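Report on the structure given below.
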Amino acid sequence: ALNHMFAPVQNACAPFLDRVVPAILLAMDVAPAGGSEFYISALVRLVSIARQLVRPFLEPIFKLFSAESLGSERQQSTSIGLIEALAEALSGDFGPHIATVLPFLMAIIDRDSSELHQPTLRALPALQILSPSLEGYLFLVMPRLIGLLDIAITPIAVVEETLRCIASIVGAVNCGSFSSRIVLTLVRLLQCSPPLELQTAAIDVLCTMMEQLQDEFVLFMPTIKLVMSKRGIDEHARYERYSRLLFMGRLVPKEPPRAQSRIQGDAAQAAAAGPALGHSGDGLAKQEVGVMQLRRAWTSKPQKSKDGWMRWLHAFTYELLEQSPSPALRACSSLANKHSPLSKELFNAAFVSCWTVLPGQYQQEIIASLQNVASNMDVPADILQTILGLAGFMERDEKQIPIDLKRLGDYAYRCHALAKELHYKEAEWTLEKNYDTIEKLIELNQSLDLHDSAIGMLEYVRKEQPDVQESVIWYQRLQQWDKALEIFQRQEAERGPSFQTTRGQIRCLFEMSDWETLVPIFERIWSGNDQKLQLASASIGMSMAWAMGDIDRMEFYLSALPNKSRDKSFCKALLAVYRNNFDDAAKFINDAREEMESDLSSHITESYNRGYAQVFMCQMLTELEEVVMYKMAPDDRERQVAIIGAWRHRLSGIQQDVGMWQKLLRLRSMVLRPILDLDTWIKYVNMSRKSGQMRIARDAILQLVDDEALYMEEIHRGEVDALTPKFALQAQEYMQMKMQLAQQPQGFQGGGIPLGLNGRNTGQSSSSWEGRTRRFSIVSGSNTSVNAPLDVAIRLSQQPALVYMYLKYKWAANEKREAYQMLETFASDYASRIGFDLHNPDTFAEHIDARVLANLSGHAEAADDARTIHLLARFYFKQAEWLTTVEQSVLLLQEAQAKAGLSTGESSYARRLVRRESIGVRRGRGSVSGSGQASRDGIRGSDDGRSKQDAQYLYELKGGRIDKAILEAYHAATVLDRKWYKAWHQLALRHFLETQRYQIEHGHITESMAKNHVVPAVHGFFRAIQLSKSDTTLQDTLRLLTAWFDYCEFESVSQAVRDGYNSVSIRTWLQVIPQILARVHIKAESTRRLVQQLLVEVGKSHPHAIMFSLYVAARSEHAERSHSVKDVLAKLHDMYPELVEQTEL
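Numbering (my numbering), first residue to last: 59 to 1203.
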């Protein structure tokens, strides 16, 4: 097919050769033994068409001619044909590749043991074609050819062809060194009385040698004359004429006729015959379109199955290709008929190629046929996708398909092609400005994750048509459930309860996971007689019951689901697994897969993102099967661990979507309790918090702490076995703390009095236990806090990671005072466990290496300590981060109130504290204070006044020590996790900013300031650059240079730079070469020498990257800078003299 396409266009095939030739060669490599002959034949035809254009591919092509593996006789013949084609295409100019071809041909001749010597007869003409290129290779060729001239063992036909080959070689190159052997061999041949045709051929060779050797040939003439006389060869006209001319000195060598390959001969005959039928003289095909054949193909009859419709489409596509006026498309018809993906790929091009030449009447008929097919409600989504793809293809080609936009939009809706539906709806909106279309546009944009476009559409309508009443459906499409709920509640208050308002409220509350409000509504609905509402709400009720883990309600709502409900099979499978009916579960899972097959194929056809929801549903079904496997192997711990490992690994490929994670974790919690999958649940809670879905985050935290409490109590009572000794120890401590809490008259507000229990049976000191009881001494800023019960449960928790996650949630929920106090308390508790002192952290650093080694050795206690150390670093880092946020808020408030001209008599703290909303928002905490959802959730703090009080309290708590507290916390984080880039970066940045603030206030930097802040900043930036996983560390490097150059007069700073600059990669400095060159003439001599040394080190490793910049700086008008750079260039000249001299040129 490819050759058929390339033949008419000749040289125009050049752009495609770089894909076609390697593909053919690759196919040959993977072809089975003896299967490469077809591809070599295809390559022969391609070379004959492309000719000189194949030169870029000669190297891999000539590798095909291996003397080690000749293949069969047919393969040898085909390979020789390729050699002839290459010789014809390259005009015999094989260049260095002749050394590859000749051994291949000689091997064919040497190994030919057949009776008729057909391979030899095939190889000899190829040698004739190569004769002009054999200069220097006669020693390889001529002895073998001479050996073939023995008629006693060689067939007459081979001898005759050999004589022609020798004549061609003798006429093309100087064979003087072989003249004696050739002549004597021919003389022996003549002595054997060969047939007449051999005599003539042999004497022709002698004549050719006479032309070449001239006077030197006279030596052989007596011998030749004698043999000719003995054998009765009285005269040979050419030989006699050449002899006379030689003696007269008039014999002039003639240009031998060039040997013609079979391919060349065939081409010459074709040229003489004139243009081929169906082709014009310019080589372009003229193909007639068979309208009647096409008409029979596009005429459709109603089909009874999907396979029937697909067969119709395949037959129609084949006929389009077969009747296409394009030779390239016609060439693909046979392959497309056997390879469906190619048929699908070429449908659009084939249709348009036929469409453009069809008369108008037939164009209308074919469009009517397509519309008739699409109007059939049983037609598969694949055919609708094909019609939509054709419409888009013709639209891009500026040939609009004559089908109404509304119809195309309807086709897209039916096959779930959301992007195409959006395209046609936008076109419809542009033409008609119908505001009924707004709802659909918002829905489609939202479904395609084009949230900004959806909101923009709403804003556009508000601006252009302010009198248009806002629809609750718009907010539903935008997933702004809080605003939609407000409208539904307002409508219900104004007009009374209705089906629409009740159903709308149910949907909004479900999406907000507000089960407390939703459950009473469902009880009221199902205790009434409104069957329509019950039927409409059954699906949401089923999902709600699953989320709450209420199996009885699941079964109740499942019975009310319509039979055609898309999720009914999945819900049946879910309930069957809960009931341990595994056979039924397997059946329902298979039913669910079959039901979603059409949706999956149609969505995936458009794009993976469009079909992701269906792919996710497939994963849910798979994991439900794995839940069954888990349940069926209660004693096979190895298999259970493997399943859990697969689940955790699979999560890395799931989109960061709260709803999807929520469903997966519900599914897995059927067999894997949340506290035993804590890391996954923590990721889920953090994801919910960052996306602003605080209610979902809180529900997940409640589920975790409840499960932890239940698990600890079950272990303590001996109802379950602890998976590890760690859990057994935690259960004992949990029960001790719970008992002591029950003895306190005021619960967790009972002060910091020691609990009076013996503590853990681990020899732990009483002071450590007392530190743990301080968890219950924190006074809540609001006794009515929604999270107060959670606070109690968290203070009992034995999982530091769970505590850390909860504190981040509490801070984001605007309970900042309690969050910070609890963070400090828990940090102090965990620090006392491992013997860490916040105010003297460096002493602890000496013991970390020993703990790490113990952890690597597999000690359980050491491993727990290592995890505690790692997490404690995060506690201190978050403590510093929160204090920084408080400080920044207060400073911004002071600036704002100073500009507003507030009275100086007001409280300093009152002047500082405003804009508490900025706390957390500046740090990306996902605060949505001020939204309707916050007031309903009741988990994000009371109001803005509460935030101001918290900020004031925390700022006053630290007083003038807030800067020191921030630095201590960051420093503690770097000590506890010495390989944490983020901690080192923030510590260095904090020291750097402290230095700049001091300089702004005082105008200079003291020695102690340099020692306490500049040196730690330099050290911290070096560590951050060293630990960064990013390719670029530009910000840290620029700040490092600023600290170095601004304070280089202090020897401690210069020494810190000298100690650190070898610790980072030399590539670090490449991105700041201009900044370094700008300071190369700095006055401080020690710094100037260090800068020059640094430039030399960079130039030694990356001379090309720095040489031009150095040369430009050397020509600077600034004398000191020029002199310093020239010193660097002089040192580099010793290493790269040629490069430096070329740069100067």
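Virtual Cβ for every residue (Gly too), placed ideally from N, Cα, C.
Since the model is a prediction, treat every value here as computed from it, not as a measurement.
8 angstroms contact criterion, which residue i and residue j should meet: CB distance rounded
{"i": "V685", "j": "V716", "result": "Contact doesn't hold; Cβ gap of about 21 angstroms is too wide."}
{"i": "V530", "j": "G562", "result": "6 angstroms"}
{"i": "L198", "j": "L160", "result": "6 angstroms"}
{"i": "L1148", "j": "R1125", "result": "Not really, about 19 angstroms apart at Cβ, beyond 8 angstroms."}
{"i": "A1163", "j": "E1107", "result": "Rounded, the Cβ-Cβ distance is 31 angstroms, inconsistent with contact."}
{"i": "R646", "j": "K630", "result": "Here residue 646 is Phe; the residue named in the question, Arg, does not match the sequence. Correct: roughly 4 angstroms between the Cβ atoms."}
{"i": "I598", "j": "F568", "result": "5 angstroms"}
{"i": "V231", "j": "L196", "result": "7 angstroms"}
{"i": "M267", "j": "I240", "result": "7 angstroms"}
{"i": "H1077", "j": "A1114", "result": "6 angstroms"}
{"i": "L43", "j": "A181", "result": "The question about residue 43 has no answer here: the residues shown for the chain are numbered 59 through 1203."}
{"i": "L502", "j": "W487", "result": "Actually they are not in contact, since the Cβ atoms of L502 and W487 sit about 11 angstroms apart, beyond 8 angstroms."}
{"i": "M279", "j": "L248", "result": "Not quite, the Cβ-Cβ distance comes to about 14 angstroms (not below 8 angstroms), so this is no contact."}
{"i": "Q443", "j": "C473", "result": "5 angstroms"}
{"i": "F894", "j": "V861", "result": "About 17 angstroms separates the two Cβ atoms, so there is no contact after all."}
{"i": "V1111", "j": "M1165", "result": "30 angstroms between Cβ atoms; not a contact."}
Cβ-heavy atom distance, residue i to the ligand ADP, below 6 angstroms
{"i": "G717", "result": "Because no ligand of any kind appears in the structure shown, any question about the ligand ADP cannot be addressed here."}
Nearest residue (CA-CA) to residue i, options the options
{"i": "V410", "options": "G447, P399 and N430", "result": "G447"}
{"i": "A603", "options": "R624, S571 and I425", "result": "S571"}
{"i": "Q422", "options": "R891, T357, K1158 and S1086", "result": "T357"}
{"i": "Q537", "options": "K521, I927 and L506", "result": "L506"}
{"i": "A1172", "options": "P1195, A1136 and E1196", "result": "A1136"}
{"i": "M612", "options": "P620, Y636, W1042 and Q589", "result": "Y636"}
{"i": "L378", "options": "W367, M368, K364 and A394", "result": "A394"}
{"i": "D849", "options": "L929, D779 and V763", "result": "V763"}
{"i": "Y1028", "options": "L1051, G1118, G467 and K936", "result": "K936"}
{"i": "I167", "options": "A157, E173 and L179", "result": "L179"}
{"i": "V1156", "options": "E274, D694 and L1190", "result": "L1190"}
{"i": "D170", "options": "L140, T158 and G129", "result": "G129"}
{"i": "A1030", "options": "D900, T1053 and Y1119", "result": "D900"}
{"i": "Q1200", "options": "V861, Y1169 and L632", "result": "Y1169"}
{"i": "L736", "options": "Q133, Q714 and I702", "result": "I702"}
{"i": "V1072", "options": "I583, L309, Q761 and L1045", "result": "L1045"}
Residue j beta carbon less than 7 angstroms from that of residue i
{"i": "A650", "j": "L679", "result": "yes"}
{"i": "A691", "j": "R697", "result": "yes"}
{"i": "W719", "j": "Y742", "result": "yes"}
{"i": "L1034", "j": "A1188", "result": "no"}
{"i": "S99", "j": "T158", "result": "no"}
{"i": "V216", "j": "H175", "result": "yes"}
{"i": "L576", "j": "A596", "result": "no"}
{"i": "A184", "j": "I141", "result": "yes"}
{"i": "L681", "j": "L709", "result": "The sequence as given places Glu at residue 681; Leu does not occur at that position. No."}
{"i": "A871", "j": "M752", "result": "yes"}
{"i": "L221", "j": "A259", "result": "yes"}
{"i": "Y471", "j": "A432", "result": "no"}
{"i": "V347", "j": "C390", "result": "no"}
{"i": "S382", "j": "A408", "result": "yes"}
Any C-beta of chain C under 7 angstroms from that of residue i
{"i": "V1115", "result": "Protein chains in the displayed structure number just one, and chain C is not present."}
- Determine contact between the region 1023–1031 and the region 935–950, defined as no fewer than three beta-carbon pairs at a distance below 8 angstroms. Cβ pair count under 8 angstroms is three or more, so yes.
- Report yes or no: do the region 1090–1106 and the region 1122–1130 share at least 3 C-beta pairs separated by less than 8 angstroms? By the Cβ rule, the region 1090–1106 counts as touching the region 1122–1130, because three or more pairs are nearer than 8 angstroms.
- Message: Please give me, in chain order, every unbroken run of the beta strand (DSSP E) with length at least 3 that falls completely inside the region 1047–1126.
- Response: If only complete runs of 3 or more residues are kept, the region 1047–1126 shows no beta strand (DSSP E) anywhere.
- In chain order, each alpha helix (DSSP H) run of at least 4 residues that lies wholly inside the region 189–261: Correct list: 196–205, 214–230 and 237–249.
- Query: Hey, which unbroken runs of the alpha helix (DSSP H) at 4 residues or more fall wholly within the region 395–432?
  - Reply: For the region 395–432, whole alpha helix (DSSP H) runs of length 4 or above, ordered along the chain, are 398–413.
- Inside the region 697–740 only - alpha helix (DSSP H) runs reaching at least 4 residues: Assignment of alpha helix (DSSP H) within the region 697–740, counting only whole runs of 4 or more residues, yields 716–726 in chain order.
- Count the CB pairs spanning the region 783–797 and the region 848–857 that are closer than 8 angstroms, and state whether there are at least three. The region 783–797 makes contact with the region 848–857, as at least three CB pairs between them are under 8 angstroms.
- Query: Can at least three beta-carbon pairs, one atom from the region 1040–1048 and one from the region 1072–1091, be found at a separation below 8 angstroms?
  - Reply: Using a C-beta cut-off of 8 angstroms, the region 1040–1048 makes contact with the region 1072–1091, since at least three inter-stretch Cβ pairs fall below that distance.
- Task: Mind the definition here: the region 772–779 touches the region 723–739 only if three or more C-beta pairs lie below 8 angstroms; say whether that holds.
- Result: Using a C-beta cut-off of 8 angstroms, the region 772–779 makes no contact with the region 723–739, since fewer than three inter-stretch Cβ pairs fall below that distance.
- Item | 3 or more residues per run - each beta strand (DSSP E) lying fully within the region 552–601 | Qualifying beta strand (DSSP E) stretches: none in this window.
- Query: So does the region 380–395 actually touch the region 459–476, counting three or more Cβ pairs closer than 8 angstroms?
  - Reply: Touching, no.
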